[in-house]
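Just so we're aligned: the sequence shown equals residues 1 to 565 in full-length UniProt numbering. For glycine and all other residues, C-beta sits at the position ideal for the given N, C-alpha and C. Everything below concerns the one structure shown next.
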Amino acid sequence: MGVDSSLVDKLKAQRDRFIAFAFAGADLLLEIDSDGIIGFSTGAGEAMYGLSDNDMMGRSLSEFIFPRDRKRFDDCILRLKNTSRLDHTPFTLMGSGGAVTRMRLAGIRLPHLPNTFHLVLSRVPPMASVEVERISGEIDHKSQFIDMVRGRLNEANRIGTDYTMTLFDLSGSNLRALDPKVAQSFLSTMHNTIEECSLRGASSGSLSSTSFGLVHDDKMPAAEIHKRVTMVADRFIDKNKGATVKMRSATLEMEDSTLSDDDIAKALGYIINNFVKDSTAFSLKSLAEGAQLAVSDTLTRVRNFRKMIKGDDKLVFLFQPIVNVRTGAVLKYEAFSRITYNGTMFSPPQIIPFATDVGLIGEFDLITVAKALKLMKETGTVSTLAHLSINISGHSLGNPGFYQALLKMLEENRPVLGRLVLEITDAAQIYNLHEAKRLLARIRKLGARISLDDFGSGGAAFELLRNLPVDFAKFDRDFILDAADPKGRSVLKAMTGLCHDLGIVTVGECVEDAATLANLCSVGIDYAQGYYFGQPAVDAAKRIKYFTEHIKQAGTNEPGLMNAV
Numbered sequence: 001m002g003v004d005s006s007l008v009d010k011l012k013a014q015r016d017r018f019i020a021f022a023f024a025g026a027d028l029l030l031e032i033d034s035d036g037i038i039g040f041s042t043g044a045g046e047a048m049y050g051l052s053d054n055d056m057m058g059r060s061l062s063e064f065i066f067p068r069d070r071k072r073f074d075d076c077i078l079r080l081k082n083t084s085r086l087d088h089t090p091f092t093l094m095g096s097g098g099a100v101t102r103m104r105l106a107g108i109r110l111p112h113l114p115n116t117f118h119l120v121l122s123r124v125p126p127m128a129s130v131e132v133e134r135i136s137g138e139i140d141h142k143s144q145f146i147d148m149v150r151g152r153l154n155e156a157n158r159i160g161t162d163y164t165m166t167l168f169d170l171s172g173s174n175l176r177a178l179d180p181k182v183a184q185s186f187l188s189t190m191h192n193t194i195e196e197c198s199l200r201g202a203s204s205g206s207l208s209s210t211s212f213g214l215v216h217d218d219k220m221p222a223a224e225i226h227k228r229v230t231m232v233a234d235r236f237i238d239k240n241k242g243a244t245v246k247m248r249s250a251t252l253e254m255e256d257s258t259l260s261d262d263d264i265a266k267a268l269g270y271i272i273n274n275f276v277k278d279s280t281a282f283s284l285k286s287l288a289e290g291a292q293l294a295v296s297d298t299l300t301r302v303r304n305f306r307k308m309i310k311g312d313d314k315l316v317f318l319f320q321p322i323v324n325v326r327t328g329a330v331l332k333y334e335a336f337s338r339i340t341y342n343g344t345m346f347s348p349p350q351i352i353p354f355a356t357d358v359g360l361i362g363e364f365d366l367i368t369v370a371k372a373l374k375l376m377k378e379t380g381t382v383s384t385l386a387h388l389s390i391n392i393s394g395h396s397l398g399n400p401g402f403y404q405a406l407l408k409m410l411e412e413n414r415p416v417l418g419r420l421v422l423e424i425t426d427a428a429q430i431y432n433l434h435e436a437k438r439l440l441a442r443i444r445k446l447g448a449r450i451s452l453d454d455f456g457s458g459g460a461a462f463e464l465l466r467n468l469p470v471d472f473a474k475f476d477r478d479f480i481l482d483a484a485d486p487k488g489r490s491v492l493k494a495m496t497g498l499c500h501d502l503g504i505v506t507v508g509e510c511v512e513d514a515a516t517l518a519n520l521c522s523v524g525i526d527y528a529q530g531y532y533f534g535q536p537a538v539d540a541a542k543r544i545k546y547f548t549e550h551i552k553q554a555g556t557n558e559p560g561l562m563n564a565v
């Protein structure tokens, strides 16, 4: 009996996709045994070590770890043996020619392979580029720091010990008057010093462009950390007479026995936001104290938020077309929500995080769906031919009150549901996929369609595709931008093929030029969205438009495509 060649081809394609996904987040894949001996290697090993994959086989991975980091490496392998997982931990690796590369190591031990460890190594961006982002304020690492602190708290509870959190603020320093490279060097050195003082050298992070935090234990008391950080500042001042360094700090006890996970998250957010906002007025001494103040602050903000969103006239939509990459026809218009309050317009980044954090996101989502249904039934703002895509949060899908109200609303507006697409944001945060699957199936049965926003982010892409009944998948912007190089394009092509195999229509966002559109077309993506076709506007969905000229300029048009208005 012969083997079905089409089945073999599908299995090969799936294998290639899994490999592409693996290398999307890593530069080197390794398999080591319980003694740390490399049994398998693939990736950029030759570029980093000057050794081929075959040459690395049989050698100890510790040979390639910079001497200063070997104790940390041994601790990580021990943790991997005990817990079966290893979070991304920074190391410096040495190549055969003496060159060093900063990497992050993560790993897993599978239950059926107790003496084998699978590791992934990914490059850490050069410190100079990281510090440029810190100085310009383009990256906010506060949420990452909070996640790290929560992980260390869980760890402390498991092993029965206490950790401490210390925060540093340098915003009063005169650094911008210096050469940017000098300022970068100082912040880099400061951050490295703080990281070395942190628990296992991997429990620190940036809070803003000029503030840092770390978790430490009693082996590295706060006084010793202050001493080391002050020495770095003093050396910097001695070499740069025009500079001034003003440093403020706060050390907090992290005893959390009376706090829930939700309390801890709110307390950390409140503590860090207030420290960064004004470290001179910061006086909190413990996590518990932060939790108490966070509750009071949240109640006040909830009342104010409800005032902001109450009333149909408060919510405004800006529409942006989603365009067929080969014909220029519009599939649908995404409706971006804006809130107008006291003469000011607020965008989603200013309102959605807070609404999500305090459990009001379901209320906001219901208001946006109701507004969209109303516009589709009226004439004037939206063409009767236009299909609208409305964002709803994955957090809302876990709220029974939300989906009961949503289903009732949809039942009452069945005539226009064929033109409605519900786009699920933060889908990776859906905690009950079975319940979400049931709800989305009922929504589709009523006539509306379902789209996944930022597909590929959050680390749950396969699980979401396997469980949720969706019609569209919009790829996360990072995959679109990475498609400018061959490696990123291969990953995007693999993801597109997987969606098509499952009967899911694909959309690429952040298309700002013809070259990006051409990249999307080359990997088989169906539709595109971005400033190349126009910025979001109040009247964009008022009259259906074709974008044939844009398609022709990018060279993605079908043969014989005629101009259309």
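Check Pro114 in the structure and name its three-state DSSP category.
coil
DSSP beta-bridge partners of Ala515
BP columns for Ala515 are empty, so no partner.
Among Leu293, Gly343, Ile361, Ala294, the one whose alpha carbon lies nearest that of Arg306:
Ile361
With distances taken between CB atoms, is the gap from Ile551 to Gly205 smaller than 8 Å?
no
Drop a sphere of 10 angstroms on the beta-carbon of Lys342, count the other beta-carbons inside from all chains shown, and report buried for 16 or more, exposed for fewer.
First, the residue type needs correcting, since residue 342 is Asn and not Lys in the sequence shown. The residue is exposed, with fewer than 16 neighbouring Cβ atoms inside 10 Å.
In angstroms with no decimal places, state the Cα-to-Cα distance between Leu440 and Tyr531.
30 Å
Given that a residue counts as buried once 16 or more other Cβ atoms are within 10 Å of its Cβ, and exposed if not, what is Gly555?
exposed
Please classify Arg449: is it buried, with 16 or more other beta-carbons within 10 angstroms of its beta-carbon, or exposed?
Only buried fits Arg449, as 16 or more other CB atoms lie within 10 angstroms of its CB.
Could you pull the start and end residues of the beta strand (DSSP E) that Glu334 belongs to?
330-341
Please list the terminal residues of the continuous alpha helix (DSSP H) segment that includes Gln429.
No alpha helix (DSSP H) contains Gln429, which DSSP labels as neither H nor E.
Sheet register partners of Glu195 (DSSP bridge)
According to DSSP, Glu195 bridges with nothing at all.
Quick one: residues in its chain with C-beta nearer than 6 Å to the C-beta of Ala528, no 5 flanking neighbours on either side, listed in chain order?
Val323, Val325, Gly508, Val511, Leu517, Leu520
Is the region 137-156 close to the region 188-196, with three or more CB pairs under 8 Å?
no
Going by DSSP, name the residue or residues bridged to Ile37.
Looking at the DSSP output, Ile37 shares a beta bridge with Ser60.
If I measure Cβ to Cβ from Ile403 and keep anything under 6 Å in the same chain, skipping five residues before and after, which residues do I get?
The residue you asked about is not Ile; residue 403 is Tyr in the sequence shown. Leu439, listed in sequence order.
I need the straight-line Cα distance from Leu481 to Asp87, nearest angstrom please.
Taking the straight line joining both Cα atoms gives about 26 Å.
Is it right to say Ile38 is buried, meaning 16 or more other beta carbons lie within 10 angstroms of its own, or is it exposed?
buried
Minimum C-alpha distance to Arg414 - residue among Thr425, Ser457, Asn391, Ala370
Ala370
Out of curiosity, what's the CA-to-CA distance linking Ala22 and Asn391?
Model confidence at Ala22 stands at a pLDDT of 49, short of 50, so the residue's coordinates are unreliable and nothing is read from them.
For Met103, which of helix, strand or coil comes out of DSSP?
strand
Once you ignore the five residues that flank Asp297 on each side, which residues in its own chain have a CB closer than 7 Å to its CB?
Tyr270
According to the Cβ coordinates, are Ser198 and Leu214 closer than 8 Å?
yes
Cβ contact (3+ pairs, closer than 8 Å) linking the region 250-270 and the region 286-300
Output reads yes: the region 286-300 touches the region 250-270.
Could you please give me the residues that DSSP links to Gly508 through a beta bridge?
Phe475, Ala528
Tell me which residues share the same chain as Ala267 and place their Cβ nearer than 6 Å to its Cβ, disregarding the 5 neighbours each side in the sequence.
Leu287, Gly290, Ala291, Ala294
Relative to the C-alpha of Gly359, which candidate in Gly398, Gly447, Lys377 has its C-alpha closest?
Gly398
With H, G and I counted as helix, E and B as strand and the rest as coil, what does DSSP make of Val421?
strand
Neighbour-count burial assignment, Arg303, 16 or more Cβ in a 10 Å radius
Exposed, since its Cβ has fewer than 16 Cβ neighbours within 10 Å.
Going by DSSP, what residues sit across from Ile65 in a beta bridge?
Leu93
Proximity to Asp217 [Cα-Cα], best of Ser283, Met165, Ser173:
Met165
Who are the near neighbours of Ile264 in its chain, counting only those whose CB is closer than 8 Å to its CB and skipping five residues on each side?
Arg150, Leu153, Asp256, Leu287, Ala291
Measure the alpha-carbon distance for Lys374 versus Lys142 and round it to whole angstroms.
39 Å
Where DSSP assigns a beta bridge to Asp501, which residues make up the other side?
Asp501 is not bridged to any residue.
Helix, strand or coil for Gln535, going by three-state DSSP, please let me know.
If DSSP states are grouped into helix, strand and coil, Gln535 belongs with coil.
With distances taken between CB atoms, is the gap from Lys332 to Val416 smaller than 8 Å?
Their beta carbons are not under 8 Å apart, which means Lys332 does not touch Val416 by this criterion.
Which of helix, strand or coil DSSP assigns to Arg85:
strand
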